[in-house]
Every structure is written in structure tokens, then in C-alpha cells.
Amino acid sequence: MLIGIDVGGTYTDAVLLRRGEILEKIKIPTKSEDLQTSLLNALEPLLKAAGNEEINRIVLSTTLITNLIATGNIDPVALVLIPGPGLNPKGYQFNVPDTFILSGAIDYRGREIEPLKEKEIKECFEAVKARGVKRVAIVGKFSQRNKSHEEAVASYFKQHAPEIQTVMGYQVSGRLNFPRRVVTSLLTLATQDKFQEFYSQIQKLLVQRGITAPIYILKADGGTLPFQQAFLKPVETIFSGPAASTLGVLALTPIGQTSVVLDIGGTTTDLALILSGKPLLASRGAKINKHLTHVRAFATKSVALGGDSEIQVCENTLEIMPQRAGSAYCLGGPRPTATDAMRVAGMTTIGEEKRAFEAMNMLGKKLKLPAEQTARLVLRTMVQRLAKEINEMFLAWEEEPAYRIWELLQKQKIRPQNVVGIGGSAPAILPLLGKEMGCRALAPPYAEVANAIGAALAKVTLRLTFHFDTERNFYFIEETGVQEKLGTKRELSLADAEELAFTWLKQEGDKLGISPGEEPELVYSEMFNVVRGWSTTGRLYDICVQFPPGILENWLERREQNAE
Amino acid sequence: MPNKTGLVFFPAFDWAISSTHPEREERLLYTKDQLFEEGIMDLPEIYEYKARLATFKDIARVHFCVPEIRAQVTEAHLIAAGGTLVLADALMNKEITNGFALVRPPGHHAMRVVHGNRGFCNINNESIMIEYLRKKYRIQKIAIVDTDVHHGDGTQDIYYHDPDVLFISFHQDGRTLYPGSGFPHELGGPRALGATINIPLPPGTTDGGIHYVLEELVLPILNEFQPDLIVNSAGQDNHYTDPLANMRFTAQGYARLNARLKPHLAVLEGGYAIESALPYVNAAIVLAMAELDYSCVREPDYREDKFKQSPEKMNYIKELVEHLKEIWKTRTLLAEQKEFYEGDFYEQKRSIYYDTDHIREQQWEQIRLCKTCAGYQMIKSRGMYPTGMTKTIFGISIPLRACSICQEEARNYYQEKINNPQGLDFIYLQDKPRDTYYRYSVENNSQVEIE
Ligand SMILES: [Zn+2]
Ligand SMILES: [Zn+2]
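In order, the protein sequences belong to chains A and B.
Residue numbering for the first sequence follows the working numbering, starting at 1 and increasing by one per position.
Residue numbering for the second sequence follows the working numbering, starting at 1 and increasing by one per position.
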């Protein structure tokens, strides 16, 4: 049996799945100041329902990292930068009081172009010690291609003050983009201990209850990791909520289709895309607390519109206000809301009908329309706004830069087959939205716990991105920080390199418990000849392989019938 | 208000002239690494756009392609040219304040008639962008500053008779470098004298020399010409490490050049020091255009004292600048003195060599000497291909602002040629006022409008 729990900002969802069926589902309000209690309260009834049957795994998705960062409850970190030539490092705004900039530089091929200065390292170390900072992030430009500078600085710290924790940029992310690597490294180190503390505590409590099922944590890219692995990069577990809901929808809708996922909440609607059965990942890392990072996440968009959105009339037109004035008027709130319009239109039975009419009349008076027509107008305005946002999202995907001819030519104009809604107002809005966009509206059963279903079924994923440089005799893996000489493999062909990549993937996959039956996939593979003076002196291969995000298929017999 | 700098980055990682040619997949690879590692695309001043395909009509606005456009361009060419159009639109829609099309393949050696590839170029990206801007947005006066180390002979050819487009090229002296043209006496046709300015610099010219030319000659001329738009035909082969040329320009030099020139649009041209120059030069230009601090962008081996201009070369440059200033000042007078003002047509003949494709071309060119407009242009061109085959074409180009008499005369001439096509394989009409472009095949006796 599988357990999935999503501790979201407002609600905590939990499900217990047995092959093909949902045995138990829970939805309770989240106590944002006490995630642990919320989590355990949701878990308790599931454990009861499970009885003595074996629980294979428990997947958790929480707002822990989001909350820690939002409340500033993270550990202070000093920052040591080795930027080399490029942007003036004084212009960076990482907002870290203890920032040190060292000489030294590595270039795009991983060559040292300027050595470190021992004296500067020493001065920086002493300053960090004097300031009493216990954590240091050391990040150099192009360190993913040559980690020697970062390691030299880190080992100086280790040697002279073993109690200071360090993280090196190359360990955190090998993707190109130094400022993002800096931010991601800072967040990694700043959240690691609190993350460890939180989940260790959960694990301990479970063990006390006799539960020994492995705990997995859901990540923003829709993959799960065993908790001890997730600890290495806790920041990757941020924004797991939208990933959970998208995976949940994936589980509850027909296979292989293109859908828009709408999670319609109180004042926001979160949009995500599933293209031909694959959740769309953002091409660049997520923005966290106004800073751009290397954290891979689903492409999501948040629209300030929901059931509690206040509706106003401004200059004879209806406007959906971004803020919430309180609950819906029909529920005793102060102002007309979308929910009141749905009530008047007969799409829900929430709240007092009389008050809902009153609310629509308030707006209708200014528009010189009766309440029913006003309600329809409100809903149409909402639906048109959503349709516009969805179209823009597809457009943004189409307009993403392409650096190869085939990439530029292959991107077709795609529009969704389904709009799939989860969240309280979804059943009312969805049919109208489907009509507006000319596609099918699906409000799948169990939509209210889609997040927990997504978490429960999320696959363990692994992505490895390789860069081989045969001329310079090395290769590295962006995600794991591996940097190795090619040595005897120096003459390897593109096919050899791909083979090596898959070997790595299987080997690392085993460590994470990815079942041998999973099909690895080649994301891309590209070769460049290094030509110097009209002859080829080496080759560069860029290869990416992965076990893609998705859901455990054999738990899914219900999917087709659920769709209708 | 911060600058909004648009970027189209199209490195064409899957296109090469041939696998070891300088114009190959690898060319912008390390530039990509540097730009991406810097996080340039994340800067709030930078707006990255996706390239698009230019249409055949966009190309026909500039070129007579022999035998047809399809034979001269690949998808990579269409995307490189289309990338510049994306930025042109963004600029005119005020989404950006300036833009840099980091695209390949390059274009500034491509002339109006295209029989094949010259100097790695098939179609002229800047000119396609400029004609698009003039047609769609009615921009009248445009200045092109060609900062590639090679003379921008293709662009010069296209605008040689156009008084509304000022073409300034500084480059390594044609006596020492391909394509061997671009001398001070090449000043533009009779109706556009002084709208072409060539500044051949001695090999070994450094930042100091180029900045002197910029400050003392280029900027004052621009100031007087008052263009609506400045385009930088931005080659990076003036760099001190470029394998195909012999200049001593640096990344800092390029950055400063752009900071002072303030081009609205820059389009990448040559530059083949793909490791030692391009990553740094491109980063520097982008930062300079975005008005960001570029002072820390330096080549690994850059030392300030290595790039002092020798007094002899500096004197040579100063004299050259004085000479060209004098020409610029007296250009109207010079035009009046020239005897080619006599008669209805100005004629010239020349032969052109296509280095990449080994094609020889003979051209007979005629310009209508009109009193009220720049006059239409007629070109008869014979291409002699390495296979021994020849193709002869006749092309008529009507400028956007041609007078009605010239327009009518030119259209009639096109019909006359079709009725009387002896010795010709193809006949072209470039009717810019109507934005219609025709190609007539003599063999098939059929006319196609290029869309
Ligand atoms: Zn050049
Ligand atoms: Zn005329």
C-alpha cells in the first residue's frame, strides 16, 4: 500500500492506496505554524485504515521549505565567490552580509585562467571565523567544469575549522548560470539542518508507531527521493504542492493527452500543463523569494483569481480584484465574490441563496442588470480571464528561445484537449471554461485529494546531464558533481558516451531504489567537433539521460474510467 | 530608466558550411557557455527573444537570388535573418530600447545579386532587417556602422546608390585582407555621394586607434547625418586573437565602442577566435548595450600595457581621419564636380569573385539619373560557375521613395525585358513602392511573384 500526504498552505490532503483503489482519503485544514501536527493528524486515520497490511512507502510533500524561507527561519550562511571575468561581482544582490570575493578564475572549458591567492583565502577564513558564521557556501564561475578552486577553499576551511559546514557550488548544481548556482547553494546550506531535523522527527515518531516504510519526499520537478537523499538538496523540495496536484491530475485523466490543470483556490488559481501525457517542466529554474535558482520545477503560473476573489464594478465593467475581502457574501462575508455568482447561477449550494442574490444585486444595480444576468457576467469575466492566461502560457512555451534549427522548426502550436479542475470552485467554473476554450472539461472524482494522490504515485526520478570534452580529457555530471578524467576512454565516440551515460544512470538509479524495470530515456545527445587550425582536435558531447517524472502506472487501473 | 536590451541568440548548433570551416557548429558554443554562466539572460535589463524564419519576400526586398531564393538559403539563413526581424519589431513596438541579434550565419558580404556564398555569407541579414524596417515602419534615414574587420562590401553594394542609408565601414586595409575593397574613394553613387564612408585601417590597429576614428570621425558624421536608426554590423574579428585578421582590438574596446555608438540594433557578423575572443567580446557588447558595468569583462591574457598604439600608426590614422573629414565636408561639391551627372544613366561595370563558391560574376549596372528621386537601378549580371555553367540575369530595383515617373519607367522596362529576353536566363523586378517582387524565368516563360 502507498501513502501520499500533501501538507499544503491551506489544506492537508492524504490518501491510502491499495492497488487500483483509494482506501482512505483525508482532507483537513493545515496549521501552518505546526506542520508536523498537520501531517500526523492526516496520517493517523490512514494508518488505522491500513490495519496490518504492509505499507510500501510514504511520500510526503510539505510547505516546510517555503515556510522556512518565507519566515526567514533559515540558518545564516557566509558566501565566498570566485567569479573571474564577467559581470562586476560588486553588482550582485544576494543580500548576504558576509560576502567575500576571491581572485582566481576558471574558463568555460574548465581551464584555470587565474590562480587563487592563498593570502586572500586566509583573510576570508579569518573574517568568517571572526563573524562567527557556521556555514559557508563557496561558489566559483564554471566550477562544474573544474572544481579545484572551490575545493581548495573548502579544504582550507575544513582544515582550520572543521566545525564550519561548507557547501561547494559544483555539488549543488552544474547547470550553467553562476548567480543561480550561488542562490541555490545558499538556500541549500541554509535549510539543510532544519530539513533534517523536521523529517528525522517525523521518521522517529513513525518508528515509534512501528511504521518502518521508507519515507520519500516529493520535489518540485515531480520526482521523489528517499528522505536521506533529499537532505542533500532540500531546496529542491520547495513547490512540491503544484507538482503533486499535476501528478494527481495525470493519474486521474486519460493517458497521453494534453491538459491544462487548474487548481482553483480562494484567491488564486494555479495553472500547470500536461503535454501529451507529460507534465511540462519550466525550462529555467524556479524563482524563490525573488531570487532565481537552479531548482527544476513544473511550469506553473499563478493567477490572482479564485472563489473568494472580490468582484467590483469599475466604470461600468466588472473587475475581479486580486485581493480577498473576506469570505463570500453568501457565507456572511462583506463583499460580492465569485462564489456568490456561482450560487446565483445555481452551480453550487454553498451559503445562503438570499445573500448571494443580494450580492449580485449590489453589482447589478451599477450595471443596470438583474442578479441572474450579473452572475452570468461575473462567471463569463472569470472564464475569459482564465482562458487568456492559459493561452498566454501556451504562447510563452512556444516562444521559448531555441538554439538549433530543428528545435525552432519542431515546436508546433499545441492547444489543450482537456481543462481539468481541482479545488472547490472547479466544478462550477470548468464547464464554462471548457466551452470557452473549445475543449473537454474534466472534474475527476477524488479531485479534492488530487495532491495526495499525486504524491502517493510519484515516481522516483533521476536526471543526469553529461558534458564530455575529449580534447581536455574530462567529463562531468551536472546533477551529481562528478568530475572525472576520461583517461583510457579518451577516444570515445558519441555512442560510447551515451552508453557510459546510461551505465551511470542505472547505477545511480539503483542507489535510489528505482526498479530495474523502469525505462531510462535519452533526453538529448549532441556532438560538437573541436576544430583548431582546420583539423579536428577533439569532441564535445552533451548528453542528458533520465528516468522521467511520472506516476506509478500499475496503480492506475481506474484512470480510464475516471476520465468520463 | 534602465535600458531594455533585446537579445536574439541563435547559435545554429546544427549548421555548418562544412565540418572544419570557421563558420561551423562550434562557433558560438563557448559564447553560449559564457553568456549563460554569467546569467545574462536573467538580468532585468535583458529580454531574450526567440528567432523566427524570415520569409522569401523579406529576402526578395533586398536580393536577386540566382536562380532562386531556395537555391541560396538554408533554414539557418532564414532563421538568422528572421532573428533580426524579431528585434526590429520589438524595437519598433517599444518593447526594447536596443537589441543585439547574436545570429549566424553572417551576411555582410552578400551583395544585391546572389550567385552563391561570398565571405561565408549568402544573404545580407542587416539589409533584410533594414528593408523590413523601412517598409513596415516607414523609417527613412538609417546609418550602418560596419565594425567587422573585413570591409562590408555586400552592404555597401546594396546601399551604394541610396542617399537615405549612410554606410560607414572601418576595417583592416583591403590591401592586406579579404575582400580587398573599402577604400576612401568608394563614396557612393552619383545620387548618394558621401553616404558611403570607408576607413581602411593599418594592421595592428588597437583600441586607441579605433576609438580615435569613432570619436573624431564616425560620431561627428552620425551627428550631422541625424539618422532615425543606427545599426551596428557587429563583427568581432578586429580582436587581437582573431585567426583571419591582424588587428589589436579587445573586449573592452568593443564594449566601449558600443557604449559610445549606442546602436539601436546590432547584428553579429564575423569573428572566428571562438574561444579567446567571442565569449568575452559578446558578453562585453551585451553589457555595454544594456548600459551595465562591463569593466570586469577581460580576456584571460589581457594586459592593458600590451595594447598601446604605436605613434607611427596613430599618425597614419589621424591623417586618414583628416582626409575623410575633408571629403565628408565637401561631399556636395564633389558630387557636382563629377562628370557622371551628364546623361540619363550612370553606368558602371565590374567583376566580383565569390571566394567560398569559386564563382566569377560580371556586372553591368545602370542608375537612372533622376532630378527628383534617387533613380531606379538596373543590373545585368552573369555568373560563371566552377562547373563551367553560366547564368545571366537582369534585375530592376525601384527604391521605396522613387518618383512616379521612375516607377513607371522601371516597370515598363521590366515588361520590355520580358518581351525581349535575349541572352538572359532570369529577369527580376524589385518593386519596393508596391512591395511586390517578381522573378521571370525565360526558359519556362513564366513569372512568379515572390511571397
Ligand atoms: Zn569579418
Ligand atoms: Zn525619379
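C-beta: ideal position from N, C-alpha, C; glycine also.
With respect to the 8 Å criterion, Pro89 of chain A and Ile106 of chain A are not classified as neighbours on the basis of their beta carbons. Where His323 of chain B is concerned, there is no enclosing beta strand (DSSP E), although the alpha helix (DSSP H) around it starts and stops at 311-329. DSSP places Gly99 of chain B inside the beta strand (DSSP E), whose first and last residues are 98-103. In this structure, DSSP gives Thr332 of chain B a helical state, which the three-state scheme calls helix.
Interface residue (Cβ-Cβ distance to chain A less than 8 Å): Pro2 of chain B is not classified as such.
Under the three-state reduction of DSSP, Arg52 of chain B is assigned to coil, being neither helix nor strand. Between the segment 248-258 of chain A and the segment 403-418 of chain A there are three or more inter-stretch CB-CB distances shorter than 8 Å, so the stretches are counted as touching. If you ignore the 5 residues before and after Thr436 of chain B, its C-beta comes within less than 7 Å of the C-beta of Glu449, all in its own chain and listed in chain order. Near ligand 2, meaning a beta-carbon closer than 6 Å to one of its heavy atoms, we find B:Cys370, B:Thr372, B:Cys373, B:Gly375, B:Ala402, B:Cys403, B:Ile405, B:Cys406. Chain order gives the chain B residues near Val530 of chain A as Glu26, where near means a beta carbon separation below 7 Å.
For Pro433 of chain B, the secondary structure class from DSSP, reduced to helix, strand or coil, is coil. Ile285 of chain B sits in a helix when the DSSP states are folded into three classes.
Looking at the DSSP output, Asp13 of chain A sits in a beta bridge with A:Asp6, A:Lys27. Between ligand 1 and the CB of Glu151 of chain A, the shortest heavy atom gap is not smaller than 7 Å.
Val297 of chain B has a beta carbon lying within less than 8 Å of a beta carbon in chain A. By the criterion of a C-beta distance shorter than 6 Å, Asn451 of chain A is surrounded in its chain by Asp6, Asp13, Ala244, Ser245, Gly248, once the five residues flanking it on both sides are discounted. At least one beta carbon of chain A lies nearer than 8 Å to the beta carbon of Gly39 of chain B.
Nearest CB-CB separation between Ala259 of chain B and chain A: not below the 8 Å threshold. Asp14 of chain B reaches chain A at Arg404, Ile405, Trp406, counting residues in chain order whose Cβ is nearer than 7 Å. For the 8 Å CB-CB criterion, Val460 of chain A and Thr20 of chain B do not form a contact. Here Cys439 of chain A is buried. Its C-beta has 16 or more other C-beta atoms within 10 Å. Bridge pairing for His467 of chain A: A:Phe476, A:Asp542 [DSSP]. Trp364 of chain B is bridged by DSSP to B:Lys349, B:Lys380.
The closest CA to that of Glu26 of chain B, considering only A:Leu494, A:Thr253, A:Phe528, is found on A:Phe528. In this structure, Gln165 of chain A lies away from Lys141 of chain A, with their beta-carbon atoms at least 8 Å apart. For Ser61 of chain A, the pairing in a beta bridge is given by DSSP as A:Asp6. With 16 or more neighbouring CB atoms inside 10 Å of its own CB, Gly4 of chain A falls in the buried class.
According to the DSSP assignment, Cys314 of chain A belongs to the beta strand (DSSP E) that extends over 309-314. A Cβ-Cβ distance of about 5 Å is found for the pair Gly306 of chain A and Gly266 of chain A, placing them in contact under the 8 Å criterion. By the beta-carbon neighbour count (other beta carbons within 10 angstroms, threshold 16), Phe345 of chain B is exposed. The DSSP-derived three-state label of Tyr240 of chain B is coil. For Gly83 of chain B, the uninterrupted alpha helix (DSSP H) run begins and ends at 75-92, by DSSP. The three-state reading of DSSP puts Cys373 of chain B in coil, since its state is none of H, G, I, E or B.
In terms of Cβ geometry, Leu324 of chain B and Ile199 of chain B form a close pair [threshold 8 Å].
Closest in alpha carbon position to Met168 of chain A, among A:Glu118, A:Leu232, A:Ile217, is A:Leu232. Taking the Cα of Ala70 of chain A as reference, the smallest distance to any Cα among A:Ala190, A:Gly481, A:Leu552 is reached at A:Ala190.
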